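Numbering (UniProt numbering) for the sequence shown: 1 to 337. Don't be surprised by glycine CBs; every beta carbon is placed ideally from N, CA and C. These figures come from a predicted structure and were not determined experimentally. Since the structure comes first, as structure tokens, the remarks are kept for the end.
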Amino acid sequence: MSEDRQTRRHPQNLQGVLQLAVEAGSAAEGPAPPEPMSEERKTWLREALTELCKGQMDEVEQMKQCLAVLCKEGSERERGGEEDREDDDDDEDDERETAFEMLSELCENLDNARDLMTLGGLELCVSQYLNHAQSGLRWRAAQLIASCAQNMPQLQFHLLSIGALPKLLQLTDSDPNPTVRVKALYAVSCLVREQEAGLQAFLSHDGFSVLMRGMQSENEKLRTKSAFLLLNLLMSHPEQKDTLVAMGMVQQLVSVLRTPHSPVHEHVLGALCCLVEDFPQGLNDCRNPALGLEELLRQRSKELQGKEESQEELDFCERLRVMCFSRQQSDDTGMDR
């Protein structure tokens, strides 16, 4: 045993790793004695591994090039005259959009996302591009922020510290371009879900009111994503029920249920279930006869019966009806007796 330990050496360099791999491959095939590696084979392997090892560095260089494209806008416009600007604007916007798309793709790799933060790319997004005149650049900046913030506490804290959240909430609430609003909400979600500091910042900037208005928007994607985020926040933070009920969220959600049927209704029903469960004030609001919720739920259940794709919505609907009105009927019967 001790002899084995003495003869077994750990490779000290890349060539040692290569040799170890070759020997392991030979041993797996059988007890044939190892043959020396040819110089041609050594050269090929060295070059292949060198390419692999420098891949990450190449990606950093690509990010630097993209940031150079995004940074040059101001200086070029200062040098050019009015005619130059009009002629070059479209080409410059295309070039910047391509740079954003490449950065978003590269930053799916968590290491690249950290490098982008170190290179100042996130500050550039927040300070210059979230309020850019071109909507295509605004939504791509929001999308890049979302890509970097997903499940990355270090980057979430950084983005919160440089004021990304209030700008994203403002875009979600009032940007004239529907794509910008949807992408901004996606970035908001990446900053606040499963992130206590993000939630506190969200609350301090009246984020629930932004979601409420989002659910009343004509933009179906925004409505659905606003309701989905509300449901997720309620499930993760039931302590927020009091705040939401106090701001009239039950009444607002029921009004959304009365709009033409759409995917948003599933999340709205789920949110109402959360507001009712173990929370008497939410239950009382849902039972208010002025809302007409009992009849609405009964009618909706009939419409959803037999539709496999709507099973989850039907489950929420039935659960809410039981919690709000079956128990009420039992209580009333008990009082009559």
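Scanning T172, L144 and D173 for the CA closest to the CA of L159 turns up L144.
Inside the stretch 102-129, DSSP marks whole alpha helix (DSSP H) runs of 4 or more residues at positions 110-118 and 121-124, from first to last along the chain. Closest option to E97, judged by alpha-carbon separation, among S174, S135 and H265: S135. Counting the other Cβ atoms within 10 Å of the Cβ of D278 gives fewer than 16, which makes it exposed. Within the model, the alpha-carbon separation for P263 versus K72 is close to 43 angstroms. For the options L297, Q216, L320 and S161, the alpha carbon positioned closest to that of A197 is the one of S161. By the CB criterion at 8 angstroms, R213 and D173 fall inside the cutoff. Counting C-beta atoms within 10 angstroms of its own C-beta, V210 has 16 or more neighbours from the protein chains shown and is therefore classed as buried.
Secondary structure in the stretch 246-274: no beta strand (DSSP E) run of 3 residues or longer lies completely within the stretch. Here F202 has V192 as same chain residues with Cβ atoms under 6 angstroms from its own Cβ, once five neighbours each way along the sequence are excluded. Counted as a single uninterrupted DSSP element, the alpha helix (DSSP H) harbouring H158 occupies residues P153 to S161. In the three-state reduction of the DSSP assignment, R193 falls in the coil class, being assigned neither a helical nor a strand state.
Shown here for M323: same chain residues with a beta carbon closer than 6 angstroms to its own, the five before and five after excluded, namely V276 in chain order. In this structure, L119 is the residue among D93, C125, L230 and L119 with its C-alpha nearest to the C-alpha of K64. With a threshold of 16 other beta carbon atoms within 10 Å, Q305 falls short and is exposed. DSSP, read as helix, strand or coil, puts S38 in coil. Rounded to the nearest angstrom, the gap between the Cα atoms of A133 and S127 is 13 angstroms. H265 is classed as buried because its beta carbon has at least 16 other beta carbons within 10 Å across all chains shown. By the Cβ neighbour-count rule, D175 is buried, with 16 or more other Cβ atoms within 10 Å of its own. The Cβ-Cβ distance between Q62 and M117 does not fall below 8 angstroms. A straight-line Cα-Cα distance of about 9 angstroms links N177 and W139. V210: member of the alpha helix (DSSP H) spanning G207 to M215, first to last residue. The alpha carbon of L155 has as its nearest neighbour, out of L244, C190 and H205, the alpha carbon of C190. Membership of E303 in the alpha helix (DSSP H) is indicated by the continuous run L293 to L304.
Distance from the CA of S204 to the CA of A142, rounded to the nearest whole angstrom, comes to 21 angstroms. Under a 10 Å Cβ-count criterion, R181 is classified as buried, with 16 or more other Cβ atoms of the shown protein chains found around its own Cβ. According to the DSSP assignment, S135 belongs to the alpha helix (DSSP H) that extends over S135 to A149. The C-beta of S147 has 16 or more other C-beta atoms within 10 Å across all chains shown, which makes the residue buried. Within the model, the alpha-carbon separation for V268 versus K183 is close to 21 angstroms. Its Cα nearest to that of L124, the residue G163 stands out among G163, R258, M247 and D94. Short of 6 angstroms from the beta carbon of L185, and not among the five residues preceding or following it, lie these beta carbons of its own chain, in chain order: T172 and K225. In the DSSP annotation of this structure, the continuous segment of the alpha helix (DSSP H) that includes M235 starts and ends at E220 to S236.
Rounded to whole angstroms, the gap between the alpha carbons of L257 and H237 is 23 angstroms.
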